[in-house]
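Enquirer: First residue of the sequence shown: 73, per our numbering; consecutive thereafter. Don't be surprised by glycine CBs; every beta carbon is placed ideally from N, CA and C. Here the structure is a predicted model, which means the values were calculated and not measured.
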Amino acid sequence: MRLTIQELGEMKRRGESIPMITAYDYTAARLVERAGVRLILVGDSLGQCILGYDSTIPVTMDDIVSHTKAVVRGTKESHVVADMPFMSYKADVRGAVQNAGRMLSEAGAQSVKLEGGRKVTGTVSRIVDAGVPVMGHIGLTPQSIHQLGGYSIQGKTLESARELLNDAVALQNSGVYAIVLELIPSKLAGIITQRLSIPTIGIGSGAECDGQVQVFHDLLGLLPDFRPRHARRYADLDESIVKAISDYTKDVKESSFPDANESYSIDKIVYEALLDETTI
Ligand code: KIV
Numbered sequence: 073m074r075l076t077i078q079e080l081g082e083m084k085r086r087g088e089s090i091p092m093i094t095a096y097d098y099t100a101a102r103l104v105e106r107a108g109v110r111l112i113l114v115g116d117s118l119g120q121c122i123l124g125y126d127s128t129i130p131v132t133m134d135d136i137v138s139h140t141k142a143v144v145r146g147t148k149e150s151h152v153v154a155d156m157p158f159m160s161y162k163a164d165v166r167g168a169v170q171n172a173g174r175m176l177s178e179a180g181a182q183s184v185k186l187e188g189g190r191k192v193t194g195t196v197s198r199i200v201d202a203g204v205p206v207m208g209h210i211g212l213t214p215q216s217i218h219q220l221g222g223y224s225i226q227g228k229t230l231e232s233a234r235e236l237l238n239d240a241v242a243l244q245n246s247g248v249y250a251i252v253l254e255l256i257p258s259k260l261a262g263i264i265t266q267r268l269s270i271p272t273i274g275i276g277s278g279a280e281c282d283g284q285v286q287v288f289h290d291l292l293g294l295l296p297d298f299r300p301r302h303a304r305r306y307a308d309l310d311e312s313i314v315k316a317i318s319d320y321t322k323d324v325k326e327s328s329f330p331d332a333n334e335s336y337s338i339d340k341i342v343y344e345a346l347l348d349e350t351t352i
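1) Quick check: what's the CA-CA separation for L236 versus Y249?
2) Compare the beta carbon distance of L212 and L255 with 7 Å and say whether it is the shorter of the two.
3) Let me make sure I understand the geometry here. Which of E149, G188 and A142 has the alpha-carbon closest to that of M156?
4) Can you tell me whether G208 is buried or exposed? The criterion is at least 16 other CB atoms within 10 Å of its CB, across all chains shown.
5) Tell me the rounded alpha-carbon separation between R74 and S337.
6) In chain order, which alpha helix (DSSP H) runs of at least 4 residues are fully inside the stretch 134 to 216?
7) For Q284, which residues does DSSP report across the bridge?
8) Does the stretch 159 to 172 come close enough to the stretch 108 to 121 to have 3 or more Cβ pairs within less than 8 Å?
9) Should G222 be counted as a contact of the ligand KIV given a C-beta to heavy atom distance under 6 Å?
10) Could you pull out every residue in the same chain whose Cβ sits closer than 8 Å to the Cβ of I112, ignoring the five residues on either side in sequence?
11) Quick one: what does DSSP say E326 is sitting in, helix, strand or coil?
12) What's the gap between the Cα of Q219 and the Cα of S328?
13) Tell me which same chain residues have a C-beta within less than 6 Å of the C-beta of A279, skipping the five on either side of it?
14) Less than 6 Å separating the Cβ of S117 from some heavy atom of the ligand KIV?
15) What first and last residue would you give for the alpha helix (DSSP H) that runs through I353?
16) Measuring straight from C-alpha to C-alpha, what distance separates E88 and L80?
17) Below 7 Å between beta carbons: does that hold for I251 and A240?
18) Can you tell me whether DSSP reads I251 as helix, strand or coil?
19) By how many angstroms is the C-alpha of D97 removed from the C-alpha of T321?
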């Protein structure tokens, strides 16, 4: 049975911290579930981590649907959240409801995430009314990067902090089951977390949130040139992978791969008959 939104709410009430991580494919999803994480985000950060774009903006519905399907195939117990990509929910409410529905019916996700505060609460209510659980996302919202003018900490002034608090409360009232708080000061995240009955999941927003979300590639050191301050690196897989592939390359060049154990034999009679035929 996959983790439910009700169980996430219970985790907040019990004071049990909620770990969440992104995954974009079958293999990564299996690893994440084996490691004990039960809340997985197929984030539009796949734009940078998987597709090599310089932002999340070019990511499409088809991209998220296809990667979500793979993550769902790789998991049995996890709640899989599909990120709604740029322009898939802001142009019109009908399109937003249809796109959100597609994440469940076609991709197999258990819920969707979308960015924005009070400007999206009307759309959120309609999606929730249609039976699709929604996770909110406020603070630094990467799909609005050109409006925000860069990837900087949000909510540092009294006015902007109040706006974020009001956005969080409005999102809760519109029916979201949890909210991602990205790149806001820890103390503001603490106030929002106290004020809400639903869980907050922080990224770059300090330890006072109910849970934390991190990008798979940041935790594992897969993109070494990108090192956000808020991401703790638990491994340097980039180094290990490059070393493994260069060892393989060296072995092929030196003809030490494959050896007899890595090859398959043919019956001696078959081999000799074939040799006779080919030498005639
Ligand atoms: O796309 C993503 O990875 C996200 C997280 C940063 C929350 O939205």
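Expert: The answer reads as follows:
1) Your numbering for residue 236 matches position 164 in the sequence shown. Your numbering for residue 249 matches position 177 in the sequence shown. The straight-line gap from Cα to Cα measures roughly 17 Å.
2) Translated into positions along the sequence shown, residue 212 becomes position 140. Translated into positions along the sequence shown, residue 255 becomes position 183. A contact, by the Cβ cut-off of 7 Å.
3) One-based indexing of the sequence shown puts residue 156 at position 84. Taking M156 as reference, the option from E149, G188 and A142 with the minimal CA-CA separation is G188.
4) In the sequence shown, residue 208 corresponds to position 136, counting from 1. Result: buried.
5) Numbered from 1 along the sequence shown, position 2 holds the residue referred to as residue 74. Numbered from 1 along the sequence shown, position 265 holds the residue referred to as residue 337. In this structure, the CA atom of R74 is about 45 Å from the CA atom of S337.
6) The stretch 134 to 216 contains these whole alpha helix (DSSP H) runs: 165 to 177 and 193 to 201.
7) Start at 1 with the first residue of the sequence shown, and residue 284 comes out as number 212. Per DSSP, P91 and G274.
8) Because the criterion of three Cβ pairs below 8 Å is not met, the stretch 159 to 172 and the stretch 108 to 121 do not touch.
9) By one-based count along the sequence shown, residue 222 stands at place 150. No, the beta carbon of G222 sits no closer than 6 Å to any heavy atom of the ligand KIV.
10) For the purposes of this step, residue 112 is identified with residue 40 of the sequence shown, where counting begins at 1. Cβ within range, chain order: M92, I93, T94, A95, A101, V104, E105, V143, T147, S150, H151, V152 and V153.
11) Here residue 326 refers to the residue found at position 254 of the sequence shown. E326 carries a coil assignment under DSSP once its states are collapsed to helix, strand and coil.
12) The residue you call residue 219 lines up with position 147 of the sequence shown. The residue you call residue 328 lines up with position 256 of the sequence shown. Their backbone Cα atoms lie some 56 Å apart in a straight line.
13) Residue 279 sits at position 207 when you count from the first residue of the sequence shown. For A279, there are no CB contacts under 6 Å within the same chain when 5 residues up- and downstream are skipped.
14) Residue 117 sits at position 45 when you count from the first residue of the sequence shown. The answer is yes for S117.
15) There is no way to answer for residue 353, as the model of the chain reaches only from 73 to 352.
16) The residue labelled residue 88 in the question sits at position 16 within the sequence shown. The residue labelled residue 80 in the question sits at position 8 within the sequence shown. E88 and L80: Cα-Cα distance of roughly 9 Å.
17) By one-based count along the sequence shown, residue 251 stands at place 179. By one-based count along the sequence shown, residue 240 stands at place 168. Yes; because the gap between Cβ atoms is below 7 Å, this pair is in contact.
18) Position 179 of the sequence shown, counting from 1, holds the residue named residue 251. Reduced to three states, the DSSP call for I251 is strand.
19) For the purposes of this step, residue 321 is taken as residue 249 along the sequence shown, with counting starting at 1. For the purposes of this step, residue 97 is taken as residue 25 along the sequence shown, with counting starting at 1. Rounded to the nearest angstrom, the two C-alpha atoms are 26 Å apart.
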